[in-house]
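Engineer: Just remember that our numbering sits 43 ahead of the position in the sequence shown, which is counted from 1.
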Amino acid sequence: MYIKVLVQVGHEPLPPTLGRNLFGRQVYQLPGLFAYAKHIIKIDGKSGLFKGLTPRLCAGTIGTIVHSKVLQVLGSSQKAEDGSLQHVVNETTKEMIARSCATIVTHPFHVITLRCMVQFIGREAKYSGVFDSIVTIYREEGILGFFAGLIPRLLGDVLSLWICNMLAHFINTYAIDDSTSHTGEIKNCSQAVTGFFASMLTYPFVLVSNLMAVNNCGLAGGLPPYAAVYPNWLHCWSHLSREDGIGEEVLKMSTEEIVQRTRLLDSEIKIMKSEVLRVTHELQAMKDKIKENTEKIKVNKTLPYLVSNVIELLDVDPNDQEEDGANIDLDSQRKGKCAVIKTSTRQTYFLPVIGLVDAEKLKPGDLVGVNKDSYLILETLPTEYDSRVKAMEVDERPTEQYSDIGGLDKQIQELVEAIVLPMNHKEKFENLGIQPPKGVLMYGPPGTGKTLLARACAAQTKATFLKLAGPQLVQMFIGDGAKLVRDAFALAKEKAPSIIFIDELDAIGTKRFDSEKAGDREVQRTMLELLNQLDGFQPNMQVKVIAATNRVDILDPALLRSGRLDRKIEFPMPNEEARARIMQIHSRKMNVCPDVNYEELARCTDDFNGAQCKAVCVEAGMIALRRGATELNHEDYMEGILEVQAKKKANLQYYA
Numbered sequence: 044m045y046i047k048v049l050v051q052v053g054h055e056p057l058p059p060t061l062g063r064n065l066f067g068r069q070v071y072q073l074p075g076l077f078a079y080a081k082h083i084i085k086i087d088g089k090s091g092l093f094k095g096l097t098p099r100l101c102a103g104t105i106g107t108i109v110h111s112k113v114l115q116v117l118g119s120s121q122k123a124e125d126g127s128l129q130h131v132v133n134e135t136t137k138e139m140i141a142r143s144c145a146t147i148v149t150h151p152f153h154v155i156t157l158r159c160m161v162q163f164i165g166r167e168a169k170y171s172g173v174f175d176s177i178v179t180i181y182r183e184e185g186i187l188g189f190f191a192g193l194i195p196r197l198l199g200d201v202l203s204l205w206i207c208n209m210l211a212h213f214i215n216t217y218a219i220d221d222s223t224s225h226t227g228e229i230k231n232c233s234q235a236v237t238g239f240f241a242s243m244l245t246y247p248f249v250l251v252s253n254l255m256a257v258n259n260c261g262l263a264g265g266l267p268p269y270a271a272v273y274p275n276w277l278h279c280w281s282h283l284s285r286e287d288g289i290g291e292e293v294l295k296m297s298t299e300e301i302v303q304r305t306r307l308l309d310s311e312i313k314i315m316k317s318e319v320l321r322v323t324h325e326l327q328a329m330k331d332k333i334k335e336n337t338e339k340i341k342v343n344k345t346l347p348y349l350v351s352n353v354i355e356l357l358d359v360d361p362n363d364q365e366e367d368g369a370n371i372d373l374d375s376q377r378k379g380k381c382a383v384i385k386t387s388t389r390q391t392y393f394l395p396v397i398g399l400v401d402a403e404k405l406k407p408g409d410l411v412g413v414n415k416d417s418y419l420i421l422e423t424l425p426t427e428y429d430s431r432v433k434a435m436e437v438d439e440r441p442t443e444q445y446s447d448i449g450g451l452d453k454q455i456q457e458l459v460e461a462i463v464l465p466m467n468h469k470e471k472f473e474n475l476g477i478q479p480p481k482g483v484l485m486y487g488p489p490g491t492g493k494t495l496l497a498r499a500c501a502a503q504t505k506a507t508f509l510k511l512a513g514p515q516l517v518q519m520f521i522g523d524g525a526k527l528v529r530d531a532f533a534l535a536k537e538k539a540p541s542i543i544f545i546d547e548l549d550a551i552g553t554k555r556f557d558s559e560k561a562g563d564r565e566v567q568r569t570m571l572e573l574l575n576q577l578d579g580f581q582p583n584m585q586v587k588v589i590a591a592t593n594r595v596d597i598l599d600p601a602l603l604r605s606g607r608l609d610r611k612i613e614f615p616m617p618n619e620e621a622r623a624r625i626m627q628i629h630s631r632k633m634n635v636c637p638d639v640n641y642e643e644l645a646r647c648t649d650d651f652n653g654a655q656c657k658a659v660c661v662e663a664g665m666i667a668l669r670r671g672a673t674e675l676n677h678e679d680y681m682e683g684i685l686e687v688q689a690k691k692k693a694n695l696q697y698y699a
């Protein structure tokens with residue numbers, strides 16, 4: 044059935060061969076059944092021989108059940124005599140009704156079977172099972188898609204049944220003598236002959252039905268079948284009747300001309316086969332060469348690599364004119380990108396062939412791994428940063444929150460607007476057409492919460508957080524501190540969005556002055572590098588800087604100008620309300636008596652900063668622990684205030 048359907052839809056996978064019939068004449072004949080089977084196995088695998096088997100079995104089972112049930116319902120009629128014309132008409136009518144019912148019920152499975160067979164011609168695989176095919180057909184064509192080709196199939200079955208039975212009745216009645224001894228065998232033979240004849244007459248209905256059931260299946264690959272989508276079976280019938288199976292030109296040719304044309308086609312086929320064989324050999328040779336080169340690359344890429352830096356990338360054009368007989372340097376004739384590299388052994392090399400890395404992905408300054416013998420670039424390496432800079436990255440997020448900070452609501456709002464909001468809601472600034480601040484300077488007396496607020500900002504944002512200390516950037520060797528600043532900003536740009544927190548900025552950001560000491564000049568060079576990174580030739584809006592100091596009066600004016608540290612946030616000494624809030628925050632996790640009056644404690648802690656307010660809570664806890672109490676009362680806090688005041692040697696004056 045598979046082969047029959049392929050031929051019907053216009054896809055004859057194997058060309059006909061020239062042979063001889065029973066009478067010795069040369070004719071074109073289709074290959075045998077086994078040749079088709081081998082071709083199907085070659086194209087579609089062994090499973091291809093069983094395409095559409097499941098829906099076909101379902102159709103056979105359901106059709107048999109429906110056929111028998113309909114015959115039982117109709118029952119048997121005894122009114123007409125056996126062998127009479129009336130009896131044949133009655134039995135044929137019942138058989139026609141039973142077959143028609145079975146055909147209508149099983150036709151959807153018949154459609155699925157045909158489409159499963161034909162779809163591989165167009166390199167499709169959308170009909171992979173009964174249920175998937177049902178969904179696919181319904182989605183493409185609706186409920187009518189399951190009954191495509193039903194009418195010509197019913198007409199063919201009905202005509203075949205009536206022609207077969209009526210011819211067999213007339214032959215058995217008028218042409219066969221009942222007195223012979225082999226009457227039964229002769230009648231069975233006549234029944235088979237008439238059935239074959241009826242099938243020949245009604246075969247066009249089968250062809251039209253199958254073409255309509257196949258519909259557009261297999262057309263995705265642009266290959267046969269070239270059948271159109273027929274709106275109805277009459278249109279399909281007229282389309283097939285207009286097509287001429289053999290061209291008019293061939294009909295006008297003689298037998299010798301057809302044989303000559305066939306020989307020409309055979310010679311062309313041989314030429315094409317030789318061309319295919321040549322291309323196959325070239326393809327195999329190319330695959331072998333690729334495999335050999337892959338093995339060589341695998342051998343050359345063995346570790347360890349020689350670490351090098353790309354110094355420059357060059358565009359080299361070959362010499363167009365060469366004298367006759369002159370030696371040609373292959374390296375000088377290469378086109379494309381060339382590279383100059385400097386290895387870790389302080390040797391510089393020019394590479395006419397870059398290597399395994401695409402030249403478009405390289406830029407001067409990149410760190411690459413090269414072969415230690417040929418110096419070909421094998422792989423790009425990660426950017427190298429100073430180990431001290433990598434240690435500056437905060438891996439574990441701080442646990443502080445904005446709610447843990449008391450009395451700094453205005454400062455928190457200003458920091459969020461300058462740092463957090465541009466990172467999380469960049470579109471708001473773009474809609475207004477303004478640029479967010481690049482950095483924030485937090486200044487104020489010690490212990491007012493500058494570092495605490497920076498830790499809370501690091502905890503609340505998802506950006507990379509780098510913590511630098513000003514004294515850490517002061518190095519002994521010339522240029523070492525500036526290199527730390529460059530690497531820190533380069534790491535921040537790579538991991539953008541990121542925040543750089545520079546604590547104790549006054550260690551490197553003091554005003555510039557004339558000095559002959561090498562240490563002072565090195566500190567000034569470090570500050571100049573910081574100025575360049577804050578507002579250089581290539582600014583990066585994804586890197587924010589938070590600086591903290593308690594000596595804003597000695598900072599260089601270049602650091603404080605707009606465009607570098609735009610937002611200046613002052614952290615004053617906390618007022619009475621702020622001190623009460625700070626002590627409440629630090630007492631949340633303590634076992635405190637309800638009669639503790641934080642407002643009175645705040646009035647008693649005049650001139651205390653936030654750190655000293657926290658120290659009061661700690662001292663109160665130590666006093667309660669010393670007397671063996673299980674909770675803190677108001678007197679413990681008062682004694683804690685006295686303890687902290689006693690440790691203050693004098694009232695210090697801080698610059699703000």
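All C-beta atoms in this analysis are idealised placements derived from N, C-alpha and C, irrespective of residue type, glycine included.
Since the model is a prediction, treat every value here as computed from it, not as a measurement.
Between which residues of its own chain and P489 is the CB-CB distance below 8 angstroms, once the five residues before and five after are set aside?
Structural biologist: N593, N652, A654 and Y697.
Engineer: Which runs of the alpha helix (DSSP H) spanning at least 4 residues fall entirely within the region 76-160, listed in chain order?
Structural biologist: Runs of the alpha helix (DSSP H) inside the region 76-160: 76-87 and 96-117.
Engineer: The alpha helix (DSSP H) that contains T179, what's its start and end?
Structural biologist: Where T179 is concerned, the enclosing alpha helix (DSSP H) stretches over V173 to E184.
Engineer: Between the Cα of R631 and the Cα atoms of D596, I448 and R670, which residue gives the shortest distance?
Structural biologist: Of the listed residues, the one whose Cα sits closest to R631 is I448.
Engineer: I'd like to check one pair, A623 with A645: are the Cβ atoms closer than 7 angstroms?
Structural biologist: Result yes, Cβ atoms of A645 and A623 sit closer than 7 angstroms.
Engineer: Should Y79 be labelled buried (16 or more other beta-carbon atoms within 10 Å of its own) or exposed?
Structural biologist: Classification for Y79: buried.
Engineer: Helix or strand or just coil, what does DSSP make of K657?
Structural biologist: Helix at K657.
Engineer: Using C-beta distances below 6 angstroms, list every residue in its chain close to L574, excluding the 5 sequence neighbours before and after it, in chain order.
Structural biologist: Answer for L574: A601, listed in chain order.
Engineer: Across which residues does DSSP place Y486 in a beta bridge pair?
Structural biologist: The partner list for Y486 (beta bridge, DSSP) reads T592 and E613.
Engineer: Figure out for me which residue from I384, H324, D578 and C144 has the closest Cα to the Cα of V116.
Structural biologist: Of I384, H324, D578 and C144, the residue nearest in Cα terms is C144.
Engineer: Apart from the five residues just before and just after L394, which ones in its own chain have a Cβ nearer than 8 angstroms to its Cβ?
Structural biologist: Excluding positions up to five away in sequence, the list reads C381, A382, V383, I384, Y418, L419 and I420.
Engineer: Going straight from the alpha carbon of Y269 to that of R321, what length do you get?
Structural biologist: The pLDDT assigned to Y269 is 42, lower than 50, so where the model puts this residue is not dependable, and the model offers no usable value.
Engineer: Using C-beta distances below 7 angstroms, list every residue in its chain close to K344, excluding the 5 sequence neighbours before and after it, in chain order.
Structural biologist: The residues are L421.
Engineer: Starting from the Cα of D596, find the closest Cα among G671, F544 and K554 and give me that residue.
Structural biologist: That would be K554, whose Cα lies nearest to the Cα of D596.
Engineer: Comparing C-alpha positions only, which one of D409, A531, D578 and R431 sits nearest to P480?
Structural biologist: Among D409, A531, D578 and R431, the Cα nearest to that of P480 is on D578.
Engineer: If contacts are defined as beta-carbon pairs under 8 angstroms, then L451 and G398 qualify, I think. What distance do you get, rounded to the angstrom?
Structural biologist: Wrong, their Cβ atoms sit about 56 angstroms apart, outside the cutoff.
Engineer: In terms of alpha-carbon separation, which member of D416, L410 and K453 lies closest to L424?
Structural biologist: When each option's Cα is compared against that of L424, the closest is L410.
Engineer: Residue range of the alpha helix (DSSP H) that A623 falls in?
Structural biologist: Segment E619 to H629, the alpha helix (DSSP H) holding A623.
Engineer: If you draw a straight line from the C-alpha of I542 to the C-alpha of D401, how long is it?
Structural biologist: So the alpha carbons of these two residues sit roughly 33 angstroms apart.
Engineer: How is V432 classed by DSSP in three states: helix, strand or coil?
Structural biologist: Three-state DSSP puts V432 in a helix.
Engineer: Let me know if K471 comes out buried or exposed under the rule of 16 or more other beta-carbons within 10 Å of its beta-carbon.
Structural biologist: By the 10 Å Cβ count, K471 comes out exposed.
Engineer: Name the DSSP bridge partner or partners of N676?
Structural biologist: Answer is none; N676 lacks a bridge partner.
Engineer: Out of curiosity, what's the CA-to-CA distance linking P540 and P617?
Structural biologist: So the two alpha carbons sit approximately 33 angstroms from each other.
Engineer: Do you know whose CA, among T104, M243 and P98, lies nearest I206's CA?
Structural biologist: When each option's Cα is compared against that of I206, the closest is M243.
Engineer: List the whole-angstrom C-beta distance separating T135 from L204, where the pair is believed to meet the contact cut-off of C-beta under 8 angstroms.
Structural biologist: Right, the Cβ-Cβ distance comes to about 6 angstroms (below 8 angstroms), so this counts as a contact.
Engineer: Do M466 and A506 have their beta-carbon atoms positioned less than 7 angstroms apart in this structure?
Structural biologist: Yes. Within cutoff.
Engineer: Alpha carbon to alpha carbon, how far is L262 from G185?
Structural biologist: Unreliable placement is indicated for L262, whose pLDDT of 47 sits below 50; no coordinate value is reported for it.
Engineer: I'd like to check one pair, L516 with L534: are the Cβ atoms closer than 7 angstroms?
Structural biologist: Contact flag unset, no.
Engineer: Give every residue of the same chain whose Cβ lies closer than 6 angstroms to the Cβ of Y392, excluding the five residues on either side of it in the sequence, and list them in chain order.
Structural biologist: I384 and Y418.
Engineer: Between V173 and V109, how many whole angstroms is the CB-CB distance? I'm expecting something under 8 angstroms.
Structural biologist: That belief does not hold up - the Cβ atoms of V173 and V109 are roughly 18 angstroms apart, past 8 angstroms.
Engineer: Since A531 contacts M435 with CB under 8 angstroms, what's their CB separation in whole angstroms?
Structural biologist: Contact flag correct, Cβ pair sits at about 6 angstroms.
Engineer: With a 10 Å radius around its C-beta and 16 neighbouring C-beta atoms as the bar for buried, classify P514 as buried or exposed.
Structural biologist: The residue in question, P514, is exposed, as its Cβ has fewer than 16 Cβ neighbours within 10 Å.
Engineer: Within the same chain, show all residues whose beta-carbon is closer than 7 angstroms to that of I4, passing over the 5 residues directly before and after it, in chain order.
Structural biologist: Since the first residue of the chain shown is 44 and the last is 699, residue 4 is not available in this structure.
Engineer: The alpha helix (DSSP H) that contains Y641, what's its start and end?
Structural biologist: Unbroken alpha helix (DSSP H) run through Y641: Y641 to C647.
Engineer: Give the range of the alpha helix (DSSP H) segment to which V322 is assigned.
Structural biologist: T298 to N343 is the extent of the alpha helix (DSSP H) around V322.
Engineer: Please look up how many angstroms separate the CB atoms of E547 and A512, rounded, as I've assumed it's under 8 angstroms.
Structural biologist: Yes, E547 and A512 are in contact; Cβ-Cβ is about 6 angstroms, under 8 angstroms.
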